[in-house]
Structures are given as structure tokens and as C-alpha cells.
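Heads up: the sequence shown is residues 28 to 861, going by the working numbering.
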Amino acid sequence: MPLFKTILNKIPSHHMKALFKNPPAALATLCIFFLATSAFTQSGSGVLSGKVTDLNDLPLAHVNVGVVGNGHGAATDEQGNFTIANMPAGTYVVGATIIGYQEATKEVEIRAGETTEVLFKLRDALYQMPQVNILAQREGIFETVPGALTYIDRKEIDRISPVSGNEVLRRSPGVHVVDEEGAGMRLNLGIRGLNPDRSRSVLVMEDGIPVALSPYGEPELYYTPSMDRMEGVEILRGSGSILYGPQTIGGVVNYITADPPEGQEGSINMRGGQGGYFSGNMFYGQTKGKAGFTVNYHRRQADDLGPTQFRINDLTSKFKLQINKRSNLGVKLGIYDETSNSTYVGITQTMFDAGGQDFERIAPFDVLNVRRYSVSATHNYLISKRTKITTTAFGYTTMRNWQRQDFAYNSFDAEGNLNPPPGNFSGVVWGDESVDGGAIYMRNGTGNRNRSFDVAGVESRLTSNFNLGKLDNEFTAGARFIYERAFEQRINGTKPDAPSGVLREDEIRTGYGSSAYIHNRFKLSKRFSVTAGTRIEHFDYMRDIRRRPFDGVVTDTSLVTSSALVQVIPGAGFNVQVSDKYAIFGGLHRGFAPPRIKDAISGEGEAYELDAERSWNYELGFRSQPFRGVQLDVTGFFMDFSNQVIPVSESSGGLGLVVAGVMNGGATQHLGVEGLIAFNFGEMARWEKFNVLFDANVTWVQATFSEDRFKQQAGQDVNIAGNRTPYAPELLISSALTLEHHSGLALRTTLTHVGSQFGDELNTVEPSANGRIGLIDAYTLIDMNLFYHMEKINTTFNISVKNITDERYIVTRRPQGIRVGLPRFITAGFKFSF
């Protein structure tokens, strides 16, 4: 109880008042704290013991055996035996994992006062699809990881039945996702108060391969992996992220696709909804002998998802081949094609206040085309039973062409008279011309921002378990090289829908990134381990400007400027298994993110003294399973930035011009606590035909500018020290209640609460007439999903209602105006597995 009093005291009173004005949010909060502080009666404990061998019955030593979802665990001795004592009575999923072998899980029942025996026979990992996962144990045996992390599996994704992948990512503590077009095609994700714009501060991967346009020079996500084809998502927010660069500030998000199955299996998943919404996913996989493959085709489209119209085709395939007893090869291919009417311009504040225009297509000729081709090959070689080397080569190319109609806001002269529209005014006006900045004049012109990005890389990683005296060690070391090149042109047209015209800007940006890392986990005892590691990043980059405006005149030129940076990124952490029910972890690491090449070198070829983003990140937390069917995780964190680069790109609400004031943002601090509590009432009460699941994650964070920094406001310098950073809500809540019956019927209710947030560094409360600046009010959403599984035909039917209360809310004021969240939205569908 004192713990929750402390957490409550940390939350400002005005947030608590705002929360409890909303009955659903208040009810969810009360449930969290009531259930967390209720007294449960523990029903005795038992012992789990057993043995781990290979398929030839030879014992395997140093295998990690643990209970999925909590801290109970042990390692096998030289004879392959293990014992886990003092386990509360109940049913558990127990997993066994070691380098060189496939992970294995079994369901076991622990009875009070009894010893339960279990035998694991591990299959050589060479039969598994080779790929890189950020977590040591995918099934969730997390007690060895010195940092906060979340794994969201396929079952949870199906329960959410997402229209946008953002719905899934919000189920993780510490994560703030900002919707842009309602479909999740461009991920805007921030962790622990970091700026979510285009997910620049987060390393996003798919099966361990980066997916950003250019991992170093342009880490924006204009392509986001489709959640419908994923088996799970890993979200790492702690010190373990130094193994994965170059972005180490905001954590790691790794999308996981399905591996080839042991036999053959497939599925067809289809859903339809309002506004022509359709999502279809077809999967088939098979393994015969030493070879296996998967094929996955995903189609998604909508005519009116809010203001958005889109068509997506997404094809991926995996192949695996067992070369011999020591090595195997995996190959993955992907093709993604998207056409949408995505736009930057949003509605004005006057339009929002008037109502009835939330989803108007202000720029109906805007078109975004994204096409991506990717290939990767991963080779595993087992040097010994305890040592493996993994080499991955990958490459991808992304084309992102965006046709956007020009526009201007209305204005008044010094005498208060309305200025005339721009010279190329199309005659179309949106908003209220009587308010300065409250109307939008559409223009007869387009800016075609055509860009393509090529990325190629290779990485080798050595992993080994070894003994140093009496100490067990888990060692990882590796190196990676990435080549990236970006081609960018801006072509101005003279009609609202002109895809071509006059070449205004033309440039090429090139980068060479190399890194090396070393990481070791020291098992000082059965209950205490320490991890330490270092990563070194080196990045050479060049900007070759071939055409751009000078003093308003477009001129051919040849401006070539290059620069380089080097950064050492250390990190360390610890994990203490205090008892079979509680584990404490902590860590610190250096946060690092290189500046974008466009920001680091000006349009005149000047290399700015623009620092990389650097921080020291600290966290301390615990994981526990205090009673059968109860899980509680709490993490406190502190991120201390010596410099946070403030973006001025158009996507972040800036002018998109170097002259707009690219600068080192200065020092910021992010202080907060995040927690997860989960109850499995069926396990607690030993129900056989019915189950009730309840969980909630809560994040409270204060992200502020921590040193003097001055911004212009109404011609005066204003010190923003102490102000909150933009788009960093102090309070986030995600909660779910699931009712399941053995007949196959299930009901899922999900609640999402996002606290208020500011749209600018000045923390302006009063909204501007154009809607781009001002406070964004808190909002609470409730979704409901009904499922029915027919065992005889192995098919699940579902009906999903998003935003069931039909709440009207502003989700963002970026890039150029207000975006309103989706209203009540209904889908229905089925999933057939074979």
C-alpha cells in the first residue's frame, strides 16, 4: 500500500482531477489500485525439478530454465539437472533456453507440498530460422534482462484486433504513440517523454533488421511494418539497447514475423469495416526435411478512414536451409507498395471549433507513394555447443514520392484589413477568413518531394556461454557496417495535381556507418548477475547539393561538404533475484543519436556545429509475482540530456528549412515511473470453464527543459527552462479486461488514456487560429471486441468497436494543423487456421 501512495503522490493533483472527471478512466484507475492492494491468500508452494538433454539424451549444462512471465528460474548443472523451490501452487508455462538450441516450453502444474518432475529435450537451434531478436528469450523469460521491456505476442494482437498498429504498441508501459492518418502507416512513437515525430529517437527493426529510411542519416519511419502479419513485438526500454544502434536514446522496437513451421500450417485473416475498410492477410508455411519456407501476403485498404484513402500490398517470404550439423541459412524477401492521400495540412482551430469539418480533404490532390524492396540473409555457424557466430547481410531500397498542394494562411495588414489571397490562388478557401490565420487559401501549385533511399549492411555477432573460474558468463561481441545513400529532389508544379514541373532542389546524401560492441553477463551467483558492455559508433557523411535556390533564384551548383563523428556508448546493469517471487533490476547507459545529415550540413555547404543527441539514462525497478495469477512490474527512470536536437522538419511542425533555426536544443530531463499490474483470476480461483483477465499499465513522466534557453515570443526573449517538452503527456494509461469462456466466447474491453500535452516549447495554452500551436487536451478511449471460436472448423469470428463512446478529440497539431482522432469505428471479420 505505501508503494501506491507514493505513486499517487508523484502525480500532480490537476492530472488526478482531470482523470476523475472522466468516469471510465476513474473506474479503471480505482480498479488498478484496489486490486493491487487487495489481500490474497497464498495457497502453499511446491518444488519443480527436472532434467534437460539433447535429442540424443545427452545432458545439457548451463541451460536457463524459468517460468514464463515471472522471476522463478534456475540453471542446470553438469548433469543437466535443475531445481526450482518454493513455487506457489498453480499452473505455469516453463521454458528452457541456451545458445545453440531451440527454446522449449511446457505447461506444468505445481501442487502444494509436492515435487513436480519435468524433462526437456532440446532440438538443435540450427533447425530454427536464423534471425536476431533483441530479447534473450522470446517466450518472456525476462528475469535475466537488466532493463524494462515488453513482449506482445500474437494472441494479444488478435485480442486487440487493431485497425492501426499503434493500438498494439500502446499496450506497453512508457510508450506514447501519436496517430497521424488513423491507419498507422507512419509510426510516430516516443518512449518516456521523447519526441514522437517520425520515431526518430527510437531504433525500429523487423526481425533484427533496421527499417528506417537511413538508420544513421535519416532515421524517419515513412514505412512502418504491418502489424497484421506479425507474430509479436518486442519493446526494450532499458540498458540492453546498447547492443543495437545507432539510436540508443529511446529504446528498441523489434517486429517479429513468423518462422517456417515444423510441419505445414496456414491462416486466412480478413476484416471489413466502415468507409470501405478492408484488411486481409494470408499465410502459409511448410518444412520438409532440411528446408522450409513461409509466404505472407497482406492487403489493406480504405476509402474513408477518417480523411484517409489508401491501398497497401505487402508480400514477404522466408526460406531456411539446414546446410549441415553446424550451420544453416535463412533468407527473407519483402515487397511493400503503398498509395495514399496522406497530407501535411490539417484543419484550423476555427474549423475545429465550428465542427462538422473534422475529416475534410483539404488538399484532395495530395498523393504519397511508398515502395520498398528488402532482402536479408542470415547464416548461423555453431562453433561449439556453447558458442555460435551469426552473420547477417541485408539491403533495402525505399522510394518515397510525395505530391503536396501548396497553400497559404490568410492574414491582415496593420490597419486590420484582410490581405488579398496569394497570386496563384485556386479559389478554394477553408476556414474563417475573418480571423487572422483562421483560413486556408489553396494554391495552383504543388511541391513534389521525391526521395529514394538505398541501404546495405553486414553484421557478425559472436555469442558464447563460458565459465571463468566458478562464474558463468554469457558473452556477446560483434561488428557492423552500413552504407546508406539518399537521393532527394523537389519539383514544383503549376497546377494543384501536377506530378512534374521545374526542378527546384536536387541533392545526394551519403553515409558510412561502422560500429563494434562487446557485452557480457556475469553470473556472480544463482540470484545475482551483472551485465556490462560498450558500443562504438563511427559515422562519415557527405552532402552533395547540385541545385537549390540562392537569394530566391534557383541555380545549378556543386556544394560538397563532409564531416564525421565518433561516439563511445557504455552501459551496465544488474539483476537480483531477491526471492522466487521478486527480482530487482537496474541499469545505466549512454544515449546517442547522430544528427540528420540535412541538419548537420546547411544548404550553403556549411558544416554546422550541431551536436549529436547525448544523454545518460538510468532506471531501477522490480518484477514480481507476489501471488498466483498476479504480476506486478514497476520501473523508475531518469534521462539526463546534455543536448537534445530540436527538429524543424515539416513533419514536426517546422518550416522544413535549414534557415528556420536548426539548433542544439540544450539540456532536458525526463523523470518518471512506469508500472504494469496483471491479474489472471481464473488461475487464482482455479476456474476451469471461465476466466477473467485484467491488466493495466500506467506511465507518469515529467519531461522538461532543464537549463536556460531563450525563444522569441511577440518580439521578446522568453526563457523556457522548466517548460515541458512538446508532445510529452505526463500521464498515460492502458488497461484491458478480458472475459473468456471455454465454449469459445470472449469479450475484450480496452481503455486508453492520454494526458494533456503541449504543441510547442513555449507551452502555449491558447490555440493559434491555424491550429498548429496550443494545448492538446487529455482524452480517454474505450474499445470493445467480441470473439467466438468454433473449434470444429478452427475459425474465430470477431466484431470490434473502436472509440465506443464516440469521443471527439485532437490527437495532434502536427505537421500543419489539427488532426482529429477517429470517431466510433466498427469492423467484423474472421480468422481461419489450417
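All C-beta atoms, glycine included, are put in the ideal place defined by N, C-alpha and C.
- Contact between the stretch 579 to 591 and the stretch 604 to 611 is absent: fewer than three C-beta pairs spanning the two stretches fall below 8 Å.
- In this structure, T662 sits away from A599, with a CB-CB distance that is not shorter than 8 Å.
- By the C-beta density criterion, P576 is exposed, having fewer than 16 other C-beta atoms within 10 angstroms.
- Spanning the alpha carbons of H768 and T177 requires a straight line of approximately 27 Å.
- In the DSSP assignment, T839 falls within the beta strand (DSSP E) that extends over I837 to T839.
- A direct Cα-Cα distance of roughly 26 Å separates G520 from R799.
- Between the stretch 400 to 412 and the stretch 428 to 439, the count of C-beta pairs closer than 8 Å stays below three; the two stretches do not touch.
- DSSP places A88 in no alpha helix (DSSP H); its state is neither H nor E.
- Secondary structure of E194 (DSSP, three-state): helix.
- For G77, the closest alpha carbon among the candidates A123, G771, L759 and H697 is that of A123.
- The continuous alpha helix (DSSP H) containing K182 extends over residues R181 to I187.
- Beta bridge pairing from DSSP links E646 with G614 and F664.
- Residue environment for P753: buried (at least 16 other C-beta atoms within 10 angstroms of its C-beta).
- Distance between G472 and N812, taken at the CA atoms: about 45 Å.
- Taking the Cα positions, E261 is about 7 Å away from Y282.
- Segment contact: the stretch 482 to 491 against the stretch 507 to 523, three or more CB-CB distances shorter than 8 Å; contact assigned.
- Excluding its 5 nearest sequence neighbours in each direction, R736 has C-beta neighbours in its own chain below 6 Å: G693 and I747, listed in chain order.
- With at least 16 other beta carbons inside 10 angstroms of its own, N323 counts as buried.
- Shown here for E701: same chain residues with a beta carbon closer than 6 Å to its own, the five before and five after excluded, namely P200, G201, T662 and T726 in chain order.
- Fully enclosed beta strand (DSSP E) runs of no fewer than 3 residues occupy 216 to 218, 230 to 233, 257 to 263 and 279 to 284 of the stretch 214 to 299, in order along the chain.
- Under the three-state reduction of DSSP, I624 is assigned to helix.
- Shown here, D833 sits in coil according to DSSP, grouped into three states, outside any helix or strand.
- Apart from the 5 residues on each side of it in sequence, V781 sits with its Cβ closer than 7 Å to the Cβ of P756, L759, A805 and Y806 in its chain, given in chain order.
- If you draw a straight line from the Cα of F612 to the Cα of F601, it comes to about 6 Å.
- In the three-state reduction of the DSSP assignment, Q652 falls in the coil class.
- Here DSSP, grouped into helix, strand and coil, assigns T561 to strand.
- A direct Cα-to-Cα measurement between D206 and S191 gives close to 9 Å.
- The alpha helix (DSSP H) runs of length 4 or more contained entirely in the stretch 337 to 420 are, from start to end of the chain, 376 to 381.
- In this structure, the CA atom of Y468 is about 17 Å from the CA atom of D440.
- Taking 8 Å as the cut-off, the Cβ atoms of G361 and S795 do not count as close.
- A contact is defined here as three or more CB-CB pairs under 8 Å, and the stretch 646 to 662 fails this definition with respect to the stretch 302 to 314.
- If you draw a 10 Å sphere on the C-beta of R835, you find fewer than 16 other C-beta atoms in it, and that means exposed.
- Between A175 and G265, the C-beta spacing is below 8 Å.
- Going by DSSP, M469 is part of the beta strand (DSSP E) stretching over A466 to L495.
- Under the three-state reduction of DSSP output, G302 falls in the helix class.
- Contact check for K148 against D81 passes: the beta carbons are separated by less than 8 Å.
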